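J.: By my numbering, the letter at position 102 of the sequence shown is numbered 102, and the numbering carries on one by one without gaps.
Cβ coordinates follow ideal geometry from the N, Cα and C atoms, glycine included.
Here the structure is a predicted model, which is why all the values come from computation and not from measurement.
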Amino acid sequence: MSALLAGVARVTITPPVGMYLPGMERTENSHGLRDDLYATALAVSDGTTEAIIVSCDLLMLHPSLVRRVREEAAAQTGVPGANMMFCATHCHSGAVSYAWPSSRPMFRAYVENLGFLLVGVVRLAHDRMVPARLGYGRGEAHIGMNRRLTRPDGVTVIGPNPEGPVDPELGLLRIDTAAGRPLAVLVNYACHPVVLGNGSNVISADWPGAMRRTLELATGATCLFVQGAGADINPLPGVPSDDEAVLERLGTEIGGIALATWAAVAPEPAGQVAVSGRRVLLPLLLPWALEGRLPQFVELGGAVEGLSWAEMQAMLAEPMPWTHDIVGEGDGRRVLMELQAIRIGAGAVVSAAGEVFCRTGMEVKRRSPLAHTMFAGYTNGGVCYVPRPEDYPRGGYEVNEAYIGYRLPAPLAPEAAGIVEGTALDLLQQLI
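(1) Go through its chain and collect everything with a Cβ distance to Tyr406's Cβ below 6 Å, but skip five positions before and after it.
(2) Please say whether His324 and His192 have beta carbons closer to each other than 8 Å?
(3) Determine the burial state of Arg70: buried for a count of at least 16 other Cβ atoms within 10 Å of its Cβ, exposed for fewer.
(4) Assuming Ala74 and Val44 are in contact, meaning their beta carbons sit under 8 Å apart, how far apart are those beta carbons, in whole angstroms?
(5) Could you give the uninterrupted runs of the alpha helix (DSSP H) lying entirely in the region 164-246, keeping only those of 4 residues or more?
(6) Output the distance between the C-alpha atoms of Arg10 and Ile52, rounded to the nearest integer angstrom.
(7) What are the residues that DSSP puts in a beta bridge with Ile344?
(8) Alpha carbon to alpha carbon, how far is Met145 from Ala95?
(9) Which residues in the same chain as Ser241 place their Cβ atom closer than 7 Å to its Cβ, once the five residues preceding and following it in sequence are excluded?
(10) Please report the residue range of the alpha helix (DSSP H) in which Tyr110 lies.
(11) According to DSSP, is Gly361 helix, strand or coil?
(12) Going by alpha carbons, who is nearest to Ala362 out of Tyr38, Glu169 and Val121?
(13) Leu33 to Thr252, Cα distance in whole Å?
(14) Using the three-state DSSP reduction, which class does Gly292 fall into: helix, strand or coil?
(15) Are Met106 and Gly23 close, meaning C-beta to C-beta below 8 Å?
(16) Ile175: buried (16+ other C-beta within 10 angstroms of its C-beta) or exposed?
(17) Have a look at Gly47 and Val130 and give me their C-alpha separation to the nearest angstrom.
(18) Excluding the 5 residues flanking Ala274 on each side, which residues of the same chain have their C-beta closer than 7 Å to its C-beta?
(19) Since Ala286 is in the alpha helix (DSSP H), which residue starts that stretch and which ends it?
(20) Whose C-beta lies closer than 8 Å to the C-beta of Asn29 among residues of the same chain, with five residues either side of it excluded?
(21) Below 7 Å CB to CB, which residues in the same chain sit around Gly199 once its five sequence neighbours on both sides are set aside?
(22) Are any of the Cβ atoms in chain D nearer than 8 Å to that of Arg26?
(23) Could you pull out every residue in the same chain whose Cβ sits closer than 7 Å to the Cβ of Val327, ignoring the five residues on either side in sequence?
(24) How is Gly405 classed by DSSP in three states: helix, strand or coil?
(25) For a test of the three-state rule: what should DSSP assign to Asp37, helix, strand or coil?
(26) Which of the three DSSP states is assigned to Tyr20 in this structure?
(27) Just to confirm the assignment, what range does the beta strand (DSSP E) spanning Gln72 have?
(28) In whole angstroms, give me the CA-to-CA distance for Tyr392 and Ala109.
(29) Going by alpha carbons, who is nearest to Ile257 out of Asn400, Arg138 and Glu25?
(30) Beta strand (DSSP E) containing Leu134: first to last residue?
(31) For the beta strand (DSSP E) holding Ile9, just list the boundary residues, first then last.
(32) Based on the DSSP secondary-structure assignment, which residues constitute the bridge partners of Leu281?
(33) Short of 6 Å in beta carbon distance, which residues of its chain neighbour Phe86, apart from the five on each side in sequence? Order them along the chain.
(34) Could you pull the start and end residues of the beta strand (DSSP E) that Leu428 belongs to?
(35) Mind checking who Ile257 pairs with in its DSSP beta bridge?
(36) When you compare each of Arg278, Leu339, Glu248 and Thr214 to Trp262 by their alpha carbons, which one comes out closest?
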């Protein structure tokens, strides 16, 4: 058992009012600020290996930004870039993390500055490391509901589905200084931050921001929220309500559960740190599977009705710039996804760069060889939704439509979820 060092730091990454807020179908740019957005970094070391986890109030982190930050932060700290994990909370009332040369100046300036801020917060957390103790806990929260509703006519839409799967587990890592002062707390839960939707144009971290405030005020520790496998989970009542009172209520509720979980944890003075990672190729649906048809645009509706593929991409280019690494052609097309695992003591965070359905995250946690496992989606990039094979016959936005906004030529194939699950378990096994 090795002595643990830990450090935590935070920077503000709030975009200027007037920035477009991606992730919804808003028709206007932001016109107000409800609460600030943050990037929070946790650095841990066992004296041999150092790892850094960064949580960002962003919809998604583009792989090009992650590569840039890793390279510069590694040069400044000596920590290998491969030992740095960058998680997006998947907040839908935040800013972009990628811009094309043709993007509006506000986008380009924000993304450029965001990179500098993330490098800085990594360095601060690294520089602030002190002897520490850690402990894990589990709670159960019920602020989310499955959002894939199949109507009587057989069409699957985004809507409340009380009978659908949901992951209620709240995972928590408590870190105190060696002297017993609360230092950091990492909270993992699977649920889209979409209380604020198309009817709200204010910048906000949504319910995770309210959860953080609740927990930090009560404990004095700095909180990192790591979004789970919440691709098919929305906050109650199952669809965006645009009600800030609901945002505060849900955030306070889960913050209280996290507080009770935190209070029951007894931190221990030692813990191993280890890292594993891999880039995998995920198959896309074969060209013939899409031949002669376009998806039934239930959720996108009239926004894309009658548009060609090129026209749809041009329409999306300005408000939501994005790219992917596609390998191969025709039947052999694949898209690259990064998966990563970081062990801290008796537990680990294992991540995937996509929107993973909750049953995959639950299976990874259930089958993990470690005593405590947290699954992080939306980490080190964003490929697309990763439905389970059984979800494809029902179709819906996540299966039939979302790939367009992600700039993929086709949806991921049904076997992609199995590749993600198997790779995550392999990476966890490597940490033993």
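T.: So, from the data block:
(1) In the sequence shown, the residue the question calls residue 406 occupies position 406. Once the five neighbours on either side are set aside, the close Cβ partners of Tyr406 are Cys384.
(2) Numbered from its first residue, the sequence shown carries residue 192 at position 192. Numbered from its first residue, the sequence shown carries residue 324 at position 324. Not closer than 8 Å, so no.
(3) As a first step, residue 70 is located in the sequence shown; it is residue number 70 there, counting from the start. Per the 10 Å Cβ criterion, buried.
(4) The residue labelled residue 74 in the question sits at position 74 within the sequence shown. The residue labelled residue 44 in the question sits at position 44 within the sequence shown. Not confirmed; about 16 Å, so no contact.
(5) For the region 164-246, the continuous alpha helix (DSSP H) assignments of 4+ residues that do not extend past its boundaries occur at 206-219, in sequence order.
(6) As a first step, residue 10 is located in the sequence shown; it is residue number 10 there, counting from the start. As a first step, residue 52 is located in the sequence shown; it is residue number 52 there, counting from the start. In a straight line, the C-alpha of Arg10 is about 13 Å away from that of Ile52.
(7) Within the sequence shown, residue 344 is the residue found at index 344, counting from 1. Partner(s): Val273 and Gly347.
(8) Here residue 145 refers to the residue found at position 145 when the sequence shown is read from its first residue. Here residue 95 refers to the residue found at position 95 when the sequence shown is read from its first residue. Taking the straight line from one Cα to the other gives about 25 Å.
(9) Your numbering for residue 241 matches position 241 in the sequence shown. Apart from sequence neighbours up to five positions away, the residues of its chain that approach Ser241 with a beta-carbon distance below 7 Å are Val195, ordered along the chain.
(10) Residue 110 sits at position 110 when you count from the first residue of the sequence shown. Taken as a continuous stretch (DSSP letters only), the alpha helix (DSSP H) holding Tyr110 covers Pro105 to Asp127.
(11) Your numbering for residue 361 matches position 361 in the sequence shown. In the three-state DSSP reduction, Gly361 falls in the helix class (H, G or I).
(12) Taking the sequence shown and counting its residues from 1, the one referred to as residue 362 is at position 362. Inspection of the sequence shows that residue 362 is occupied by Met rather than by Ala. The shortest Cα separation from Met362 among Tyr38, Glu169 and Val121 belongs to Glu169.
(13) The residue given as residue 33 occupies position 33 in the sequence shown. The residue given as residue 252 occupies position 252 in the sequence shown. Leu33 and Thr252: Cα-Cα distance of roughly 20 Å.
(14) By one-based count along the sequence shown, residue 292 stands at place 292. Residue confidence for Gly292 is low, a pLDDT of 44 falling below 50, so the modelled location carries little weight and cannot support an answer.
(15) Along the sequence shown, one-based indexing puts residue 106 at 106. Along the sequence shown, one-based indexing puts residue 23 at 23. Contact: no.
(16) Residue numbering aside, residue 175 sits at position 175 when the sequence shown is read from its first letter. Per the 10 Å Cβ criterion, buried.
(17) As a first step, residue 47 is located in the sequence shown; it is residue number 47 there, counting from the start. As a first step, residue 130 is located in the sequence shown; it is residue number 130 there, counting from the start. Answer to the nearest angstrom: the Cα atoms are 11 Å apart.
(18) Counting from 1 along the sequence shown, the entry for residue 274 is found at position 274. Closer than 7 Å at Cβ, skipping near neighbours: Thr49, Arg343 and Leu431.
(19) If you number the sequence shown from 1, residue 286 lands on position 286. With the sequence shown as reference, residue 286 is identified as Leu, and Ala is not the correct amino acid for it. Unbroken run through Leu286: none, as it is neither H nor E.
(20) For the purposes of this step, residue 29 is taken as residue 29 along the sequence shown, with counting starting at 1. Here the set comprises Gly18, Met19, Tyr20, Leu21 and Asn201.
(21) Counting from 1 along the sequence shown, the entry for residue 199 is found at position 199. Beyond the five residues adjoining it in sequence on each side, Gly199 comes within less than 7 Å, by CB distance, of Asp242 in the same chain, given in chain order.
(22) In the structure shown, chain D does not exist; there is a single protein chain.
(23) Here residue 327 refers to the residue found at position 327 of the sequence shown. So the list reads Leu281, Arg334 and Leu336, once near-sequence residues are dropped.
(24) Position 405 of the sequence shown, counting from 1, holds the residue named residue 405. Here Gly405 sits in helix by DSSP.
(25) Residue 37 sits at position 37 when you count from the first residue of the sequence shown. In the sequence as presented, Asp is not what sits at residue 37; that position holds Leu. The answer is coil: DSSP assigns Leu37 none of H, G, I, E or B.
(26) Indexing the sequence shown from 1 puts residue 20 at position 20. Three-state result, Tyr20: coil.
(27) By 1-based counting over the sequence shown, the position of residue 72 is 72. In the sequence as presented, Gln is not what sits at residue 72; that position holds Glu. Per DSSP, Glu72 belongs to no beta strand (DSSP E); it is in the alpha helix (DSSP H), Pro63 to Thr77.
(28) Translated into positions along the sequence shown, residue 392 becomes position 392. Translated into positions along the sequence shown, residue 109 becomes position 109. Linking Tyr392 to Ala109 through their CA atoms gives a straight-line distance of about 39 Å.
(29) Walking along the sequence shown from the start, residue 257 turns up at place 257. A check of alpha carbon separations from Ile257 across Asn400, Arg138 and Glu25 identifies Arg138 as the nearest.
(30) One-based indexing of the sequence shown puts residue 134 at position 134. Leu134 -> beta strand (DSSP E) spans Val130 to Glu140.
(31) By 1-based counting over the sequence shown, the position of residue 9 is 9. As written in the sequence, residue 9 is Ala, which differs from the Ile given in the question. In this chain, the beta strand (DSSP E) harbouring Ala9 covers Leu4 to Thr12.
(32) Along the sequence shown, one-based indexing puts residue 281 at 281. Beta-bridge pairing links Leu281 to Leu336.
(33) The residue given as residue 86 occupies position 86 in the sequence shown. Around Phe86: Val54, Leu61, Val66 and Asn380.
(34) On the sequence shown, position 428 is the one that residue 428 refers to. Careful: Leu428 lies outside any beta strand (DSSP E), inside the alpha helix (DSSP H) at Ala416 to Gln430.
(35) Along the sequence shown, one-based indexing puts residue 257 at 257. As far as DSSP is concerned, Ile257 takes part in no beta bridge.
(36) To locate residue 262, count along the sequence shown from 1; it is residue 262. It is Thr214.
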